[in-house]
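*Asks:*
In the numbering used here, the protein residues as written are 164 to 279.
1) Would you give the residue range spanned by the beta strand (DSSP E) that residue 231 belongs to?
2) Considering only DSSP beta bridges, list what residue 221 is partnered with.
3) Quickly, what does DSSP pair residue 260 with across the bridge? List them, please.
4) Per DSSP, residue 173 forms a beta bridge with which residues?
5) In this structure, does DSSP put residue 165 in helix, strand or coil?
6) The beta strand (DSSP E) that contains residue 188, what's its start and end?
7) Taking all protein chains shown into account, do 16 or more other C-beta atoms lie within 10 angstroms of the C-beta of residue 172, making it buried, or fewer, making it exposed?
8) Hey, would you say residue 196 sits closer than 8 Å to residue 213, going by beta carbons?
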């Protein structure tokens, strides 16, 4: 059974930084496309950024230049460094893992609140 466990959310002031982590267990991490999604109250879940097994990345325009995704295959983990945070970044952030053979999996979500 594949499990994703996120951590690192919290309350931060505008302009601040947070680092989210997602640990994956139960399958071959290096084969997964890993992504971070977010869902704000009253809005649909949206893709923030994804990283391929080969570490190619794709960012939403709204976070380009502020957020950075990385993966550590030795630690079965993916990270999201979020800088210059804005109130509109407030959302529940979800880790997502996809592979052709293993399927699609979601973490439980972690709350990020950007407020003064």
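Every residue gets a Cβ at the ideal spot worked out from N, C-alpha and C, and that includes glycine.
The model shown is predicted, which means the values in this text are computed figures rather than measured ones.
*Replies:* On the basis of the coordinates in this document:
1) For the purposes of this step, residue 231 is taken as residue 68 along the chain shown, with counting starting at 1. It spans 230 to 235 - the beta strand (DSSP E) in which residue 231 sits, taken as one unbroken run.
2) Mapped onto the chain shown, residue 221 falls at position 58. DSSP output for residue 221 lists 213 as bridge partner(s).
3) Against the chain shown, residue 260 aligns to sequence position 97. Answer by DSSP bridge pairing, in chain order: 197 and 268.
4) Translated into the one-based positions of the chain shown, residue 173 becomes position 10. Paired residue(s): 275.
5) Sequence index remark: in the chain shown, residue 165 carries index 2 (1-based). It is coil, neither helix nor strand.
6) Position 25 of the chain shown, counted from the first residue, corresponds to residue 188. Its beta strand (DSSP E) spans residues 181 to 188.
7) Along the chain shown, read from residue 1 onward, the residue named residue 172 stands at position 9. Flag for residue 172 reads buried.
8) The count along the chain shown starts at 1 and reaches residue 196 at position 33. The count along the chain shown starts at 1 and reaches residue 213 at position 50. A contact, by the Cβ cut-off of 8 Å.
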